[in-house]
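**Student:** In this note's numbering, the protein residues as written are 4 to 325.
Mind having a look at this structure? Questions to follow.
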Amino acid sequence: MPLGSQCRGRAARGRPREDGRQRQAHHRPASGQLQDGRQACRDRSRRALRRDPWPCPPGRRGRSSRADRRYRGRARPGDELILLRRAFPFFALAAFAAPAAASGISGGVEVASDYRVRGLSWSDGRPAVTANARVSLTDAIDLGVTAASLRGSARHGGADALIRPSLRYFRNAGAVQFGGGVTGYLFPGHSGLRYVEGQALVGTLIGPAQFWLSADYAPRQDAIGGDNLRIAAQADVAVPMTPFTVSGSIGRSSGSVRDAVYARRLRPEGSYWDWRLGVDHVTGPLRLGIAYTGTDIGKTPPGRFVDRDTGHRVTVSAGLSF
């Protein structure tokens, strides 16, 4: 071996190894630190899943994200598409739950200038989209689901969507119709706000007019701060020889209060009256409507689960049924 090669070999053996593998090993964390880091990641993932079990699209994770600060209190672009994507499993369940003897499937989509329930806005006074599907399991029992965009409703803790599954029973006894059912109110990403409600109703048809009496009762639940009972009367009159239908309703909500903050979701100032008067124009599957709604609720002080959309309002809507 040449003398120069031997000298270079001794020099190489005398120097510490400086290749990439040694540098990587030099910076590799200790085994205990690596295990602690992995466990911390798993803990953060579990906590995030408990906070919001519904997956969020990119750019909307975390309370302090730039998108959240930009759209706080307002609808984000694409909220309606996100709502329909989240509601798809429920619509699929309604579509495939019926046995082979099912008598039919129905549904529809509606756009309204405000999504109002019992005189109260559930979409912060903003336009909203709703979609529904219903499957007849037997001649008397049907299963349905409704999805609605809430636009970050303050009344429901900033929820962007409502999923409302229901099971109903309905029978005719001569000129009298009666029925009942149970409905769930689910708010994706806000599991502590969901609640259930039962309903009973009786009605009759007199000429072109149909009259209803109904009672909706939500038993005592933490999400609504107690229980809630609404008694209502409704009339629908088809104008002969025209595509118009005139409808009106009046109801009163009351109940016990265990938590005044949560009770304001359904009754902002305790017991109250609500009313509605509307006109619909129906041509085939297309429906156009205008309605006036109101309550006797006075000026509501600011607070959690409170918004200003509790007074009189005129809304317009357009729907397509199938």
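Heads up, the beta-carbon is just placed ideally off N, CA and C, and yes, glycines get one too.
Just so we're clear, the structure is a prediction, and the values are computed from it rather than from any experiment.
By the DSSP assignment, the beta strand (DSSP E) with V309 in it spans what residues?
**Tutor:** Residue mapping note: residue 309 aligns to position 306 of the sequence shown, counting from 1. Unbroken run through V309: none, as it is neither H nor E.
**Student:** From the DSSP output, which residues share a beta bridge with G110?
**Tutor:** Residue 110 sits at position 107 when you count from the first residue of the sequence shown. Answer is A136, bridged to G110.
**Student:** Please report the residue range of the alpha helix (DSSP H) in which Y265 lies.
**Tutor:** Here residue 265 refers to the residue found at position 262 of the sequence shown. 263 to 266 is the span of the alpha helix (DSSP H), which, as asked, contains Y265.
**Student:** Can you find at least 3 beta carbon pairs, one from the stretch 162 to 176 and one from the stretch 143 to 152, that sit closer than 8 Å?
**Tutor:** Verdict: yes, contact present.
**Student:** Rounding to the nearest angstrom, what Cα-Cα distance links G229 and D262 in this structure?
**Tutor:** Numbered from its first residue, the sequence shown carries residue 229 at position 226. Numbered from its first residue, the sequence shown carries residue 262 at position 259. Distance between the alpha carbons of G229 and D262 is about 7 Å.
**Student:** Is it the case that the Cβ atoms of G314 and E272 are separated by a distance below 8 Å?
**Tutor:** Mapped onto the sequence shown, residue 314 falls at position 311. Mapped onto the sequence shown, residue 272 falls at position 269. Contact flag unset, no.
**Student:** Measuring CA to CA, which of S259, R121, A218, I227 is closest to R307?
**Tutor:** For the purposes of this step, residue 307 is identified with residue 304 of the sequence shown, where counting begins at 1. Of S259, R121, A218, I227, the residue nearest in Cα terms is I227.
**Student:** Indicate, with yes or no, if the ligand MG has a heavy atom lying under 7 Å from the CB of R307.
**Tutor:** The ligand content of the structure shown is nil, which means the ligand MG is not present either.
**Student:** Please classify V185: is it buried, with 16 or more other beta-carbons within 10 angstroms of its beta-carbon, or exposed?
**Tutor:** Counting from 1 along the sequence shown, the entry for residue 185 is found at position 182. The residue in question, V185, is exposed, as its Cβ has fewer than 16 Cβ neighbours within 10 Å.
**Student:** Does the stretch 236 to 246 come within contact of the stretch 215 to 223, defined as at least 3 CB pairs closer than 8 Å?
**Tutor:** Result yes; three or more Cβ-Cβ pairs closer than 8 Å.
**Student:** Going by other Cβ atoms of all chains shown within 10 Å of its Cβ, with 16 needed for buried, is V317 buried or exposed?
**Tutor:** Numbered from 1 along the sequence shown, position 314 holds the residue referred to as residue 317. Classification of V317: exposed, given that the 10 Å Cβ count is below 16.
**Student:** Near A266, which residues of its chain fall below 7 Å by C-beta distance, leaving aside the five closest residues on each side in sequence?
**Tutor:** Counting from one through the sequence shown, the residue named residue 266 turns up at place 263. Contacts found: I227, G228, G229, V260.
**Student:** Figure out for me which residue from R268, R290, L280, F247 has the closest Cα to the Cα of P305.
**Tutor:** Start at 1 with the first residue of the sequence shown, and residue 305 comes out as number 302. Nearest C-alpha to P305: R268.
**Student:** On the CB-based measure, 16 or more other CB atoms within 10 Å of its CB, does G128 come out buried or exposed?
**Tutor:** Counting from one through the sequence shown, the residue named residue 128 turns up at place 125. Label assigned to G128: buried.
**Student:** Confirm, please, whether the CB-CB distance from G182 to L204 is below 8 Å.
**Tutor:** The residue you call residue 204 lines up with position 201 of the sequence shown. The residue you call residue 182 lines up with position 179 of the sequence shown. Taking 8 Å as the Cβ cut-off, L204 and G182 qualify as a contacting pair.
**Student:** What residues in its chain sit with their C-beta under 6 Å from that of W276, if we drop five residues either side in the sequence?
**Tutor:** Translated into the one-based positions of the sequence shown, residue 276 becomes position 273. R255, D299, listed in sequence order.
**Student:** For L269, which three-state DSSP category applies?
**Tutor:** Residue 269 sits at position 266 when you count from the first residue of the sequence shown. If DSSP states are grouped into helix, strand and coil, L269 belongs with coil.
**Student:** Let's see if you can read the secondary structure: which residues bound the beta strand (DSSP E) around H284?
**Tutor:** Residue numbering aside, residue 284 sits at position 281 when the sequence shown is read from its first letter. Per DSSP, H284 belongs to the beta strand (DSSP E) from 275 to 286.
**Student:** Going by DSSP, name the residue or residues bridged to I253.
**Tutor:** Mapped onto the sequence shown, residue 253 falls at position 250. In the DSSP output, where bridge partners are listed per residue, I253 has A236, W278.
**Student:** Measure the beta-carbon distance from R154 to D142 and round it to whole angstroms, keeping in mind my assumption that it falls under 8 Å.
**Tutor:** By one-based count along the sequence shown, residue 154 stands at place 151. By one-based count along the sequence shown, residue 142 stands at place 139. That pair is no contact at about 38 Å.
**Student:** With burial defined as no fewer than 16 other Cβ atoms inside 10 Å of the residue's Cβ, what is the status of P288: buried or exposed?
**Tutor:** Reading the sequence shown from its first residue, position 285 is the one you call residue 288. Exposed, because fewer than 16 other Cβ atoms sit within 10 Å of the Cβ of P288.
**Student:** Distance check for H159 and Y188, CA to CA, integer angstroms please.
**Tutor:** Counted from its first residue, the sequence shown places residue 188 at position 185. Counted from its first residue, the sequence shown places residue 159 at position 156. Going from the Cα of Y188 to the Cα of H159 covers about 11 Å.
**Student:** Going by beta-carbon coordinates alone, are S274 and S257 separated by less than 8 Å?
**Tutor:** Numbered from 1 along the sequence shown, position 271 holds the residue referred to as residue 274. Numbered from 1 along the sequence shown, position 254 holds the residue referred to as residue 257. It is a contact, given that the beta carbons lie within the stated cut-off.
**Student:** Whole angstroms is fine: what's the gap from G62's alpha carbon to H193's?
**Tutor:** Residue mapping note: residue 62 aligns to position 59 of the sequence shown, counting from 1. Residue mapping note: residue 193 aligns to position 190 of the sequence shown, counting from 1. Any reading at G62 must be qualified, since the residue scores a pLDDT of 40, below 50, and its modelled position is unreliable; the value itself is stated next. Near 19 Å, if we compare the C-alpha coordinates of H193 and G62.
**Student:** What residues in its chain sit with their C-beta under 7 Å from that of G195, if we drop five residues either side in the sequence?
**Tutor:** Taking the first residue of the sequence shown as 1, we reach residue 195 at position 192. Around G195: A226.
**Student:** Can you tell me the Cα-Cα spacing of S324 and R290, whole angstroms?
**Tutor:** Position 321 of the sequence shown, counting from 1, holds the residue named residue 324. Position 287 of the sequence shown, counting from 1, holds the residue named residue 290. Answer to the nearest angstrom: the Cα atoms are 8 Å apart.
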